[in-house]
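Remarks on the structure that follows.
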Amino acid sequence: MIHFVGAGSGAADLITLRGKKFLEEADVVIYAGSLVNPQLLEYTKEGSSIYNSAKMTLEEVLEVMTTAEQEGKNTVRLHTGDPCLYGAIREQMDILDEKGIAYDYCPGVSSFCGAASALNLEYTLPNVSQSVIITRMAGRTPVPEKESIESFAAHHATMVVFLSTGLLEELSKRLIAGGYEPDTPAAIVYKATWEDEKSFVCTVETLAQTARENHITKTALMVIGDAVAHHSYERSKLYDPGFTTEFRKGTDQG
9 MIHFVGAGSG AADLITLRGK KFLEEADVVI YAGSLVNPQL LEYTKEGSSI YNSAKMTLEE
69 VLEVMTTAEQ EGKNTVRLHT GDPCLYGAIR EQMDILDEKG IAYDYCPGVS SFCGAASALN
129 LEYTLPNVSQ SVIITRMAGR TPVPEKESIE SFAAHHATMV VFLSTGLLEE LSKRLIAGGY
189 EPDTPAAIVY KATWEDEKSF VCTVETLAQT ARENHITKTA LMVIGDAVAH HSYERSKLYD
249 PGFTTEFRKG TDQG
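The numbering used here runs 8 ahead of the 1-based position in the sequence shown.
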């Protein structure tokens, strides 16, 4: 069996209980060494085989999985955050399907959740933003034309931008071209939930300047939108004494 496991956003104790159990029982672990906290490998049992996929191709990863399966071993494919976001898991799963190898998927805490915790932030504030757009800039890996930063910026929703720390000048230009005001609140979160986590609140216009001044060149998320400032929002109806729910009768029966 192959277990795809979300390692969490950084801190070793943010892996799920299920993911930790899979790690403890694994005979083979293939981990995304460029991003996964190596402290997580301390959960593995003595004698397990550890592979760093940062130094491997897809074909090499699949060869390790296939060999382990033939030998009756349990394998954990350990991805950063939650593998459903920029985890390149579908291409692995498709080949495993072709080979008839069983697998499952254990979700993890995404780094965009870790970034919110670093900022004590709620992405969805009533009357401010009720949607979160997760995207990235086009770099060496392209982005579909229909998913341009400008088109997303037009919604003025909360936006979380992955994999784009080296493109902040261009990101600012595209966000402003799409409709965000230059002084729209923004933040940069470096290595969310790691021991050396850093977070900086700025504006759309000053993203690149803020990164430069604080020597942030990689492993960061950018958060864009008025929710970053967390003010001028409406109170939640759910806990309003006048609002009736399935579980509580409100005072305002109007």
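Heads up, the beta-carbon is just placed ideally off N, CA and C, and yes, glycines get one too.
Do you know whose CA, among the options, lies nearest residue i's CA?
{"i": "residue 54", "options": "65, 35, 108", "result": "35"}
{"i": "residue 195", "options": "103, 202, 151, 235", "result": "235"}
{"i": "residue 124", "options": "250, 17, 241, 255", "result": "17"}
{"i": "residue 182", "options": "155, 199, 205", "result": "155"}
{"i": "residue 171", "options": "160, 143, 191, 152", "result": "143"}
{"i": "residue 122", "options": "33, 30, 201", "result": "201"}
{"i": "residue 205", "options": "138, 45, 260", "result": "45"}
{"i": "residue 159", "options": "141, 149, 150", "result": "141"}
{"i": "residue 7", "options": "250, 251, 9, 139", "result": "Only positions 9 to 262 of the chain appear in the structure, and residue 7 is not among them; the question remains open."}
Rounded to whole angstroms, what is the Cα-Cα separation between residue i and residue j?
{"i": "residue 78", "j": "residue 70", "result": "12 Å"}
{"i": "residue 37", "j": "residue 257", "result": "52 Å"}
{"i": "residue 197", "j": "residue 119", "result": "10 Å"}
{"i": "residue 117", "j": "residue 184", "result": "30 Å"}
{"i": "residue 136", "j": "residue 237", "result": "10 Å"}
{"i": "residue 25", "j": "residue 51", "result": "11 Å"}
{"i": "residue 268", "j": "residue 157", "result": "Nothing can be reported for residue 268: it is not among the residues displayed for the chain, which extend from 9 to 262."}
{"i": "residue 30", "j": "residue 239", "result": "42 Å"}
{"i": "residue 203", "j": "residue 102", "result": "36 Å"}
{"i": "residue 222", "j": "residue 259", "result": "51 Å"}
Suppose contacts are defined by Cβ-Cβ distances below 9 Å. Is residue i in contact with residue j by that definition?
{"i": "residue 166", "j": "residue 224", "result": "no"}
{"i": "residue 48", "j": "residue 20", "result": "yes"}
{"i": "residue 207", "j": "residue 127", "result": "yes"}
{"i": "residue 11", "j": "residue 94", "result": "no"}
{"i": "residue 14", "j": "residue 91", "result": "yes"}
{"i": "residue 212", "j": "residue 189", "result": "yes"}
{"i": "residue 72", "j": "residue 83", "result": "yes"}
{"i": "residue 175", "j": "residue 147", "result": "yes"}
{"i": "residue 39", "j": "residue 58", "result": "yes"}
Within the continuous alpha helix (DSSP H) that includes residue i, where are the two ends?
{"i": "residue 123", "result": "119-127"}
{"i": "residue 186", "result": "176-186"}
Use the C-beta contact count for residue i: other C-beta atoms within 10 angstroms, 16 or more gives buried, fewer gives exposed.
{"i": "residue 220", "result": "exposed"}
{"i": "residue 100", "result": "buried"}
{"i": "residue 244", "result": "exposed"}
{"i": "residue 247", "result": "exposed"}
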